[in-house]
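These notes concern the structure reproduced below.
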Amino acid sequence: MADLNPTERLIDLLNVSGGPEARTDEDIFVGHSPQGPSRRVFGGQVLGQSVIAASRTVDEERQVHSLHGYFLRPGDIDKPITFGVQRLRDGRSFSARRVHAYQDGVPILSMIASFEVPSVGIEHQMEFPDNIPAPEDLPPAAQWLEGIDHPAAKDWRENRPFDFRYIDEPIFFKPAADPFAGTTVWIKTKDPLPAGTPQAVHRAALAYASDYTLLESVMRRHNLVWTTPGMSIASLDHAMWWHRPVAVDEWMLYVQESPSASEARGLGTGRIFSRNGELLATVAQEGMLRIPQISDLSEQATGE
């Protein structure tokens, strides 16, 4: 895979193996993880692979329109991931699938996804925000990491399949000058996907990307950065709704905000628009954020 570009590696990563011929009471698929500076599996990867696994068990015309999942345990990048897909329902218009992702026989993710045959009906959407600079006028996020001699910075620059362009300065090293509870970024794959790539792959790739920055709106509000000493952060769950067809190799605007944070948990929500203003998807995620100084004060208050 060394000769593949980052986008091609993403497509290969999402291409879980197996299928109906491996079926017992579930359809069984197997996925792998790329090597990287973190030994944990990226949550967006498991989401995307789960979407592909579930998509393989429905008719091609049925597209995923929603998922609700819980991250149960951290995944290990050195171990394969087994995806068990249970066919909960197949109706005339909708299909439902439950996916469990396993390592060493225990689940690391539990997810239910719903699929629908495209149909015609009522339509409305939230408006595209005003005064957004074009992505061509903004630096790639990787540019903020140039000259940083750290494995994570190198991995972001060279291996991440998506190009991120922040409307406001990213919070890699320095707290936000204006600590509001929001983050807005342009995103697309670094390279085009092959012509004829199924819509299921585009939607799975968007699920993958949606997990990258969603908790930054929580962090920005509290003057936290990715390099905050001792900070522990983890996604707890993830919900996503696809509203319209997606092309992940075209620029999309990801508008994120945090309605609340309490008890070491923060909620992030996001809306993903196409460049021409169509609302493509809505995302929500709760994450755990533990800061050493705050945790110490909490323990003193409770006498633990």
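Numbering (full-length UniProt numbering), first residue to last: 1 to 304. In this text, a Cβ means the ideal position worked out from N, Cα and C, and glycines have one as well. Since we're looking at a predicted model, the values are computed, not measured.
- In the structure shown, the three-state DSSP call for R221 is helix.
- Under the 8 Å Cβ criterion, the segment 119–136 does not count as touching the segment 71–81, having fewer than three qualifying pairs.
- Rounded to whole angstroms, the Cβ separation of M240 and A204 is 11 Å, and the two are not in contact under 8 Å.
- Contact between the segment 66–73 and the segment 118–125 is absent: fewer than 3 CB-CB pairs across the two stretches fall below 8 Å.
- Per the Cβ contact rule, the segment 182–195 is in contact with the segment 255–271 (3 or more Cβ pairs under 8 Å).
- No Cβ-Cβ contact shorter than 8 Å links F83 with S114.
- In this chain, the alpha helix (DSSP H) harbouring V201 covers Q199 to S210.
- Contact annotation, L145 with F172: C-beta distance approximately 7 Å; criterion of less than 8 Å satisfied.
- Distance from F273 to L267 at the Cβ level is roughly 21 Å; contact not present, criterion being Cβ atoms closer than 8 Å.
- Under the three-state reduction of DSSP, P74 is assigned to coil, being neither helix nor strand.
- Between the C-alpha atoms of R92 and A195 there is a straight-line separation of about 30 Å.
- Leaving aside the five residues that flank I291 on each side, the residues in its chain whose CB is nearer than 6 Å to its CB run, in chain order, M231.
- Leaving aside the five residues that flank I52 on each side, the residues in its chain whose CB is nearer than 6 Å to its CB run, in chain order, L14, V16 and A204.
- R87 and R98 have their C-alpha atoms roughly 7 Å apart.
- Residue pairing of Q256 in beta bridges, as defined by DSSP: T183 and G270.
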